[in-house]
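Trainee:
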Amino acid sequence: MTAPALDREAYRRLIEDDRVHGSLYTDPAVFDDELTRIWYRTWVYVGHESEIPQPGDYVVKSIGPQSIIMSRDRQGAVHLLLNRCSHRGNQICEAARGNTGALRCHYHGWTFGTDGALLGYPFRQGYGPDTPKSALGLGRVPRMGSYQGFVFGSFAHAGPSLLEHLGAAREAIDRLVRLSPLGRVELTAGWLHHEVRANWKMLVENETDGYHPQFVHSSIFEVGESHVAEVYSERSAATARDLGGGHTEHDLRAHFRRMDRPLAWFGTTEDRLPDYCRAMREAYGAEKAREILVEGSPHIMVFPNLFIAEIQIFVIQPLAVDRTVQHVTPLQLAGAPDMNRRLLHQASGSVGPAGFLLADDSEMYERNQRGVVAREPEWLILRRGLNRERVDADGHLAGAATDETTQRGIWRHIRAMLTEEVPA
Amino acid sequence: MTTTAPTISRTEVEEFLYREARLADEGRYDEWEALWTDDALYWVPSGDTVDPHKQISVIYDHRSRIALRVAQLKTGKRHAQDPRSNVAHLLSNIEVLGEDGAGTHTTATFIAIESRSRGLTTWAGRVEHTLVRRDERILMSRKVVRLVNADQPLPTLAFLI
């Protein structure tokens, strides 16, 4: 049974500028509204083109709880198809990935091209000549868009374009891909799937929460070598930025410019990655390459589900009001094999169910979920940094690295979507 | 036909595996860490891991990273293990597969029941060890944990599996 939807006024009451109500994380009716008004409406990140390089390749991805097949057809075009047979709704792809000439439903044998078109069904005599075969292809996500290989889908038939949706986040994605001497990222190093018993917004908010690292991650900062503690301290030059549209960023560039050392953001030095640094200089020229290698990789939460976390990519998938999966893969840069080995090595230490960092983040998500069921007080306070918030040179609302400028920005957008004040 | 006695007997294998599981379950971190050789590898592949140098693993710890993992647990601030999970490992189907220059290779199935505030979590799979004898002690140079659900979403796995 679907819970009744909340009206717009309810969301105006539950989401204030500097505090939000605990029921937003626990009420199944809110979750249903979020699926309808956010996840099945706005642009949601699905997969990367590098995951399906060859014609006939497919991977099974998701938009919210729905399973989505991202495929490449014989002509090389990418499709986002519903993982559901158009006949009786059976799930078609069981394997997480593959390469095939045809997708076959094993219930009654209907087959589809990797472009979603119905190729045929067994025992044709049972269907009359008026059966509209061309209309019986696999369902598809109505709108698909791709930026720098990142493929997004929207269930809204009309609305802002992908580029309009990305807005200022687009420039951060550009800053990511320029770390490759070929200007391309490749998400080919496999995925970890980490499930938490917490609401999806706990994860989105935490991705650009610069207040928590010193406390949640103190154990690894104490025993390992890490520059991260410094980035999220009162001495940091980094800023927390609200990019609009629910997108938020920790802009770390000022911090690393002050350090003025190539690859400091990656915790290493140029002499450890000579091939990568040479390829970067050849691709961009010495001066530009140095600037890129000093400024480092972006840390940006693209609303609602793509977290570019400097050296890895997270995809957030809500399953239920209190269940979320975070899918994570190491960043890999085209044309940089020595760098890619280190990226993989670092990611497998940091993230996933056993990660030095992410196991503790996830513990906090679950404790937070248990905490917010409390009644009176029911509010979560998001006031940090209101006293020192400003508009930065790019026109974005910005605070110090540890400020809640980012959480306020996320909630402003969620409120606008739930009250349907903004288009998808 | 002549047979030579194995370097490590089946009884020694069983005793080692049971002891290793018990030290992990009881959170006796220093004693557990002392079971590793200097060139050790502790590996928990994910469903995507074909080559651990090309795809991410749940855990891929060489000796220095095993030490880091243990050191993190011992800070008392590893929140995902503070409080520590209560864990019971059950080992069965132990086989000694043979020995070569690397050591004695064993395989077994396991179930580990983990309890914490989240509830009970069942972990299961196959565990492979490579054991060597050093100065009259038996140590492990390699431990691979192949979870039955490695390809599915996993909850947080912060105890020593």
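Chains A and B, in that order, are what the protein sequence lines are. Residue numbers in the first sequence follow my numbering, run continuously in steps of one, and reach 1053 at the last position. Residue numbers in the second sequence follow my numbering, run continuously in steps of one, and reach 156 at the last position. Every residue, glycine too, gets a C-beta built ideally from N, C-alpha and C. All values reported here derive from a predicted model rather than from experimental measurement.
(1) So, Gln683 (chain A) versus Asp744 (chain A), is the Cβ gap smaller than 9 Å?
(2) Use the C-beta contact count for Ser790 (chain A): other C-beta atoms within 10 angstroms, 16 or more gives buried, fewer gives exposed.
(3) Just to confirm my understanding: we take Thr104 (chain B), look at its own chain, exclude 5 residues before and 5 after, and list those with CB closer than 6 Å. What are they?
(4) Is it buried or exposed for Tyr55 (chain B), if we count other Cβ within 10 angstroms and need 16 for buried?
(5) If you drop the 5 nearest sequence neighbours on each side, which residues of the same chain put their C-beta closer than 7 Å to that of Cys734 (chain A)?
(6) With a threshold of 7 Å on Cβ separation, who are the neighbours of Gly964 (chain A) within its own chain once the five nearest residues in sequence on each side are excluded?
(7) What is the rounded straight-line gap between the Cα of Asp130 (chain B) and the Cα of Thr32 (chain B)?
(8) Report the option in B:Ala97, B:Trp27, B:Val127, B:Leu63 whose CA atom is closest to the CA atom of Ala983 (chain A).
(9) Starting from the beta carbon of Leu152 (chain B), find every residue of chain A whose beta carbon is closer than 8 Å, and list them in chain order.
(10) Should Pro891 (chain A) and Glu878 (chain A) be called a contact, given that it needs their Cβ atoms to be closer than 9 Å?
(11) In the DSSP assignment, find the beta strand (DSSP E) that holds Asn997 (chain A) and state where it starts and stops.
(12) Count the other CB atoms within 10 Å of the CB of Phe752 (chain A); is the residue buried (16 or more) or exposed (fewer)?
(13) Could you say which of A:Arg637, A:Gly755, A:Asp1032, A:Gly766 lies nearest to Leu732 (chain A) if we only look at CA atoms?
(14) Within 10 angstroms of the Cβ of Pro657 (chain A), are there 16 or more other Cβ atoms? Answer buried if so, exposed if not.
(15) Whole angstroms is fine: what's the gap from Ile106 (chain B)'s alpha carbon to Val143 (chain B)'s?
(16) How long is the line joining the alpha carbons of Arg1013 (chain A) and Met699 (chain A), rounded to whole angstroms?
(17) Give me the subset of the region 836 to 856 of chain A whose CB atoms are less than 8 Å from a CB atom of chain B, sorted by chain position.
(18) What's the call for Thr(-1) (chain B), buried or exposed, on a 16-neighbour Cβ count within 10 Å?
(19) In chain A, which residues lie less than 7 Å from Tyr55 (chain B) when you measure between Cβ atoms?
(20) Where are the beta strand (DSSP E) runs, 3 residues long or more, that stay fully inside the region 630 to 712 of chain A, in chain order?
(21) Could you compute how far the alpha carbon of Gly978 (chain A) sits from the alpha carbon of Arg60 (chain B)?
(22) Counting only C-beta atoms, is Thr70 (chain B) closer than 9 Å to chain A at any point?
(23) By how many angstroms is the C-alpha of Trp894 (chain A) removed from the C-alpha of Asp803 (chain A)?
(24) Just to check my reading of the structure: Phe11 (chain B) and Ile133 (chain B) have Cβ atoms closer than 8 Å, yes? What is that Cβ distance to the nearest angstrom?
(25) How should Thr101 (chain B) be labelled, buried or exposed, when 16 other C-beta atoms within 10 angstroms of its C-beta is the threshold for buried?
(26) Since Lys49 (chain B) meets chain A, which of its residues come closer than 7 Å, beta carbon to beta carbon?
(27) List the residues of chain A that Ser52 (chain B) touches, going by C-beta distances under 8 Å, in chain order.
(28) Would you verify that the beta carbon of Met630 (chain A) is, or is not, closer than 9 Å to some beta carbon of chain B?
(29) Taking the beta strand (DSSP E) that Arg108 (chain B) belongs to, which residues open and close that run?
(30) Among residues of its own chain, excluding the 5 on either side of Met630 (chain A), which ones have a beta-carbon nearer than 7 Å to its beta-carbon?
(31) Would you tell me roughly how many angstroms separate the C-alpha atoms of Pro842 (chain A) and Phe154 (chain B), rounded to the nearest one?
(32) Consider the Cβ of Pro959 (chain A): report whether some Cβ of chain C lies at a distance smaller than 9 Å.
(33) Buried or exposed: where does Val845 (chain A) fall if 16 or more other Cβ atoms within 10 Å of its Cβ makes it buried?
(34) Using the three-state DSSP reduction, which class does Asn144 (chain B) fall into: helix, strand or coil?
(35) Helix, strand or coil for Glu38 (chain B) per DSSP?
Mentor: Straight from the coordinates:
(1) no
(2) exposed
(3) Ser87, Asn88, Arg121
(4) buried
(5) Cys714, His716, Asn719, Ile721
(6) Ser809, Pro810, Leu811, Ala908
(7) 12 Å
(8) Taking only the C-alpha atoms, the option nearest Ala983 (chain A) is B:Leu63.
(9) Pro982, Ala983, Ala988
(10) The beta carbons of Pro891 (chain A) and Glu878 (chain A) sit no closer together than 9 Å.
(11) It is not in any beta strand (DSSP E) - Asn997 (chain A) instead sits in the alpha helix (DSSP H) that spans 987 to 1000.
(12) exposed
(13) Ranking A:Arg637, A:Gly755, A:Asp1032, A:Gly766 by Cα distance to Leu732 (chain A) puts A:Gly766 first.
(14) Residue burial is scored here from C-beta neighbours: Pro657 (chain A) has fewer than 16 other C-beta atoms within 10 angstroms and is therefore classed as exposed.
(15) 10 Å
(16) 41 Å
(17) Val845, Ser847, Ser848, Ile849, Glu851, Val852, Gly853
(18) exposed
(19) Ser977
(20) 648 to 650, 673 to 677, 686 to 692, 695 to 701, 707 to 711
(21) 8 Å
(22) yes
(23) Rounded to the nearest angstrom, the two C-alpha atoms are 17 Å apart.
(24) 5 Å
(25) Sixteen is the threshold: when 16 or more other Cβ atoms of the shown chains lie within 10 Å of the Cβ of Thr101 (chain B), as they do, the residue is buried.
(26) Taking the beta carbon of Lys49 (chain B) as reference, the chain A residues within 7 Å of it are Ala818, listed in sequence order.
(27) Per Cβ cutoff of 8 Å: Ser977.
(28) Residue confidence for Met630 (chain A) is low, a pLDDT of 47 falling below 50, so the modelled location carries little weight; the figure read from the coordinates is stated next. Cβ-Cβ to chain B under 9 Å: no for Met630 (chain A).
(29) Residue identity differs from the one stated: residue 108 (chain B) is Ile in this sequence, not Arg. Ile108 (chain B) -> beta strand (DSSP E) spans 98 to 111.
(30) Its pLDDT being 47, under 50, Met630 (chain A) is placed unreliably in this model, and the value from its coordinates should be taken loosely. Taken in chain order, the list of residues that qualify is empty.
(31) 21 Å
(32) Checking the listed chains, one finds no chain C in this structure; the protein chains it contains are A and B.
(33) The residue is buried, with at least 16 neighbouring Cβ atoms inside 10 Å.
(34) In the structure shown, Asn144 (chain B) sits in coil (DSSP, three-state: anything other than H, G, I, E or B).
(35) Residue 38 (chain B) is actually Trp in this sequence, not Glu. Note: Trp38 (chain B) maps to strand in three-state DSSP.
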